[in-house]
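Working notes, structure below.
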Amino acid sequence: MAAKPMYTKAPVAPQANSWTGWYVGAGGGYGASNIDHTSSLAGTAIPQSSVDGNGWFGTVQVGGDYQFASRWVVGAFGDFDLSNINGTVSELVSITNFPLKQRNAYAAGARIGFLVTPQILSYVDGGYTRANFDGGSLSFATAPFTATGFSVPNQAYDGYFLGGGIEVMVYRGWSVKSEYRFARYTSSTVTVPNATPAFTETLKPTVQTGRMSLVYKFN
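Quick note: the sequence shown uses our numbering, first residue 497, plus one each step.
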């Protein structure tokens with residue numbers, strides 16, 4: 497009788513396109529700000545209109561992901577934006593103006609995502625963020641008034657962000673990520689130096705950004 501052929505179990509192939517690993521990335525995007533705004537003159541509150549701004553920014557990031565249960569990914573990350581999101585604050589029905597620019601922002605958070613395909617990750621994220629805004633000199637928009645020596649100090653704001661996006665693995669650890677992010681910051685009150693009577697500004701920013709990054713994963 498012919499010997500029966502021997503069968504051996506094929507080895508399990510390593511998972512292709514694993515999302516587990518540390519990564520770095522860089523990119524840029526466009527942002528729009530809306531800032532709630534109230535003034536106070538000698539202790540009397542003066543409601544003002546909100547302030548809109550917009551502009552471009554560049555970003556760098558670092559993080560780590562872990563893939564589990566075949567199609568789920570969790571991770572933590574941090575990023576830093578160098579931004580030029582500009583707006584102009586109008587006071588007292590546009591009689592007085594001053595510039596306000598988001599200079600930079602950084603964030604630290606976590607994300608969870610689902611693999612639509614082995615190469616496409618859909619995710620949501622959120623966490624802590626801090627933004628720095630530059631103030632500027634007050635100017636009168638209505639002649640013949642002038643103002644010299646008065647400026648709004650720079651400010652820093654703490655807050656939270658929520659976002660979501662898509663990341664596509666394109667080649668051997670390289671991926672392209674696009675994301676929408678909403679950031680809400682707590683209010684801050686700053687005093688205009690040299691103003692008599694005392695003049696303060698209370699500002700509360702909201703910033704929305706769309707960003708795209710090229711990412712390299714070390715796995």
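Heads up, the beta-carbon is just placed ideally off N, CA and C, and yes, glycines get one too.
A quick note: this is a predicted structure, and the numbers were derived from the prediction, not measured.
Answer with buried or exposed for residue i, where buried requires no fewer than 16 other C-beta atoms within 10 angstroms of its C-beta.
i: alanine 538; result: exposed
i: serine 535; result: buried
i: threonine 723; result: Limits of the chain in this structure are 497 at one end and 715 at the other, which puts residue 723 out of reach.
i: threonine 596; result: The residue you asked about is not threonine; residue 596 is leucine in the sequence shown. Leucine 596 should be labelled buried.
i: tyrosine 624; result: exposed
i: tyrosine 667; result: exposed
What number of angstroms, rounded off, separates the C-alpha of residue i from the C-alpha of residue j?
i: glutamine 704; j: glycine 527; result: 6 Å
i: leucine 617; j: threonine 592; result: 48 Å
i: phenylalanine 678; j: asparagine 715; result: 30 Å
i: phenylalanine 695; j: serine 529; result: 24 Å
i: lysine 673; j: valine 711; result: 7 Å
i: valine 547; j: threonine 698; result: 12 Å
Give me, in chain order, the residues of the same chain whose beta-carbon lies closer than 6 Å to that of residue i; leave out the 5 immediate sequence neighbours on both sides.
i: aspartate 575; result: Thr555, Gln557, Ala603
i: leucine 634; result: Thr592, Phe594, Ala643, Phe646
i: asparagine 628; result: Arg599, Asn600, Ala652
i: asparagine 650; result: Asp630, Gly631
i: lysine 700; result: Asp532, Ser683
Going by CA-CA distance only, name the one from the options that's closest to residue i.
i: glycine 560; options: Trp568, Thr516, Gly525; result: Thr516
i: isoleucine 662; options: Ser671, Gly655, Tyr656, Val547; result: Ser671
i: valine 495; options: Phe610, Arg626, Thr584; result: Missing from the structure shown is residue 495; the chain here goes from 497 to 715 and no further.
i: asparagine 582; options: Gly660, Thr613, Ile608, Trp552; result: Trp552
i: tyrosine 519; options: Thr534, Ser546, Ala572; result: Ala572
i: serine 580; options: Ser586, Gln563, Asn550, Glu587; result: The sequence given here places asparagine at residue 580; serine does not occur at that position. Closest option to asparagine 580, Cα to Cα, is Asn550.
i: leucine 658; options: Ala522, Ala606, Val686; result: Ala606
i: tyrosine 656; options: Pro614, Phe564, Tyr681, Val666; result: Tyr681
i: leucine 578; options: Ala522, Gly622, Ala541; result: Ala522
i: glutamate 587; options: Gln544, Thr685, Ser566; result: Gln544
Looking only at its chain, what residues have a beta carbon closer than 7 Å to the beta carbon of residue i, apart from the 5 residues adjacent to it on each side?
i: glycine 706; result: Gly525, Tyr526, Tyr676
Tell me which residues share the same chain as residue i and place their Cβ nearer than 8 Å to its Cβ, disregarding the 5 neighbours each side in the sequence.
i: proline 640; result: Its pLDDT being 49, under 50, proline 640 is placed unreliably in this model, and the value from its coordinates should be taken loosely. Cβ neighbours of proline 640 beyond the five flanking positions: none.
In chain order, which beta strand (DSSP E) runs of at least 3 residues are fully inside the segment 545 to 574? 547 to 564
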